Structures are given as C-alpha cells and as structure tokens.
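Peer 1:
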Amino acid sequence: VILLIAGIHGGYEWNTILLAYELIDYLHENPDVIPPNVTLFVIPSANPDGQLLVTGTADRFTPADVAANTVPGRFNANGVDLNRNWPCNWTPQGTWRDQPVSGGSAELSEPENHALFNFIIRQQPVATVFYHSALNAIFTAGCPDTFPPSRELADVYATAASYPVYEQFTSYAVTGDAGDWMARVGYAAFTVELSTHQSLDWTRNLEGILALLAHFS
Numbered sequence: 002v003i004l005l006i007a008g009i010h011g012g013y014e015w016n017t018i019l020l021a022y023e024l025i026d027y028l029h030e031n032p033d034v035i036p037p038n039v040t041l042f043v044i045p046s047a048n049p050d051g052q053l054l055v056t057g058t059a060d061r062f063t064p065a066d067v068a069a070n071t072v073p074g075r076f077n078a079n080g081v082d083l084n085r086n087w088p089c090n091w092t093p094q095g096t097w098r099d100q101p102v103s104g105g106s107a108e109l110s111e112p113e114n115h116a117l118f119n120f121i122i123r124q125q126p127v128a129t130v131f132y133h134s135a136l137n138a139i140f141t142a143g144c145p146d147t148f149p150p151s152r153e154l155a156d157v158y159a160t161a162a163s164y165p166v167y168e169q170f171t172s173y174a175v176t177g178d179a180g181d182w183m184a185r186v187g188y189a190a191f192t193v194e195l196s197t198h199q200s201l202d203w204t205r206n207l208e209g210i211l212a213l214l215a216h217f218s
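End of the sequence shown sits at 218 in this note's numbering; the numbers just go up one at a time, nothing left out.
1. Report the start-end ranges of each alpha helix (DSSP H) in the stretch 3-42 that is 4 residues or longer and not cut off at the edges.
2. Round the Cβ separation of Arg152 and Thr141 to the nearest angstrom and send it over; I've been treating them as touching at under 8 Å.
3. Looking at the structure shown, is Ala174 part of a helix, part of a strand, or coil, going by DSSP?
4. Can you give, in chain order, each stretch of the beta strand (DSSP E) that sits fully within the stretch 124-191 and has at least 3 residues?
5. What is the rounded straight-line gap between the Cα of Leu41 and the Cα of Gly105?
6. Kindly give me the distance between the Cβ atoms of Gly95 and Gly177, rounded to whole angstroms, as I take these residues to be in contact under 8 Å.
7. Are the CB atoms of Val166 and Ile139 nearer to each other than 8 Å?
8. With DSSP as the reference, please indicate the residues paired to Thr96 in a beta bridge.
9. Do you know whose CA, among Thr147, Ala128, Trp87 and Ala69, lies nearest Pro112's CA?
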C-alpha cells in the first residue's frame with residue numbers, strides 16, 4: 002500500500018490538492034502504471050475545512066476559485082494547524098514561521114486527523130508521501146532522527162523528480178508533524194514541497210510517483 006496525501010494545509014496549499022486531482026485523472030486514464038502488487042490511495046484534501054474557506058468548495062475547484070488571501074485556509078474549522086496535531090513532540094501551541102499556531106487540545110484531537118490516523122493504521126502503508134508548498138524540496142521524516150527507510154524512498158522520488166533532499170527542516174521547530182509521527186511508529190514517509198504556491202510541478206511529481214511505484218513493483 003502506498004499513500005499520497007495532499008492538502009493537510011487546506012486552501013493555503015491549494016496547489017497540492019489540484020496536483021492530487023490531476024494524478025487521479027492520470028491514473029484513471031493509465032491504470033496499468035500501478036503494479037499489480039501495489040494498492041495506491043490518493044487523498045486529495047486532508048483539510049476540507051481549510052479548502053472550503055479559500056475555494057468555496059470541499060470538492061474539486063480551479064485556480065480561479067481561490068481567494069486572494071489563502072492564509073486562513075491553512076487551519077481547520079477549529080483553528081487548528083492539522084500538521085501540528087500528531088503524536089511526535091506534540092505541543093498545544095506549535096510554530097509556523099515566526100508566529101504561534103494551535104496544535105489542538107490534545108494529540109489527534111481533530112476529527113480529520115483521527116480519521117486519517119485510523120486509515121493509516123488499517124492500511125499499514127510501505128510508503129507515504131505528503132504534499133506541501135512551497136519550498137521546492139523533499140524532507141525526510143523522523144522523530145527525532147531520520148527514519149532510514151524514509152530517506153531511501155525520498156531519494157528514489159527525488160532522483161526522478163529533481164528535488165533536493167534534506168533530512169531536517171531547520172528554519173523553525175515543527176511539532177506534531179504527520180510524517181514524523183509515521184516515522185516514529187515505523188512507517189516510511191516523506192514530504193514533497195512544491196516549488197511555488199501556484200505551480201503543480203506536474204511533470205516532476207509524475208516522474209517521482211512513477212519511480213516510487215516502480216521501486217515496489
């Protein structure tokens with residue numbers, strides 16, 4: 002099982018959601034790219050509240066639907082940053098850039114994350130990719146140290162997609178990160194940061210995904 006998860010930061014990172022929908026279209030048209038021994042799940046919007054706030058819908062949208070101010074769409078309807086709510090160094094107050102953000106009232110306090118947590122435990126994926134924007138890089142997962150299988154798979158994807166790979170995000174402390182929790186409990190995961198807040202980096206990421214699928218074929 003391979004999981005591709007976009008939109009945990011909702012409308013703030015709306016391009017990751019559209020990338021996921023483009024991928025779903027591609028897979029419908031080219032189902033044979035998925036090896037017979039692989040089950041692939043694409044979750045286009047892990048934060049539908051935040052998407053709705055910025056695009057006016059929790060379903061598929063176009064760039065023309067996106068509001069000018071996307072920052073409020075980073076959070077869910079409870080005002081929580083869903084990527085500060087997971088059981089890895091969790092704190093009730095996380096950080097984003099130079100400002101505090103809510104990590105929720107407890108680990109996995111938010112219904113979106115609770116549902117995703119249960120789905121992950123049930124599926125036991127061999128690889129999970131989280132899509133964010135816009136640092137033009139790949140970051141491996143670890144809690145606190147890099148999980149070696151995460152690095153291995155990140156390198157496979159990055160080589161095909163031409164993203165640099167980093168083992169740590171050092172600009173500020175990140176607590177309660179979903180990918181880091183996965184590494185903590187033994188699931189290989191990494192984060193792809195698209196190059197801008199508008200671009201889908203479609204060709205690059207398609208190549209990365211195809212390389213990841215081939216790795217497990």
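Glycine included, C-beta positions come from ideal geometry on N, C-alpha and C.
Quick caveat, the model's predicted, so the values are computed rather than measured.
Peer 2: Reading off the structure:
1. Secondary structure in the stretch 3-42: the alpha helix (DSSP H) runs of 4 residues or longer, each lying completely within the stretch, are 15-30 in chain order.
2. About 5 Å; that satisfies the 8 Å criterion.
3. Under the three-state reduction of DSSP output, Ala174 falls in the coil class, being neither helix nor strand.
4. Runs found: 128-134 and 138-141.
5. Approximately 30 Å between the Cα atoms of the pair.
6. Confirmed, Cβ separation roughly 6 Å.
7. Taking 8 Å as the Cβ cut-off, Val166 and Ile139 qualify as a contacting pair.
8. Checking the DSSP bridge columns, you'll see Thr96 partnered with Pro101.
9. Answer by Cα proximity: Trp87.
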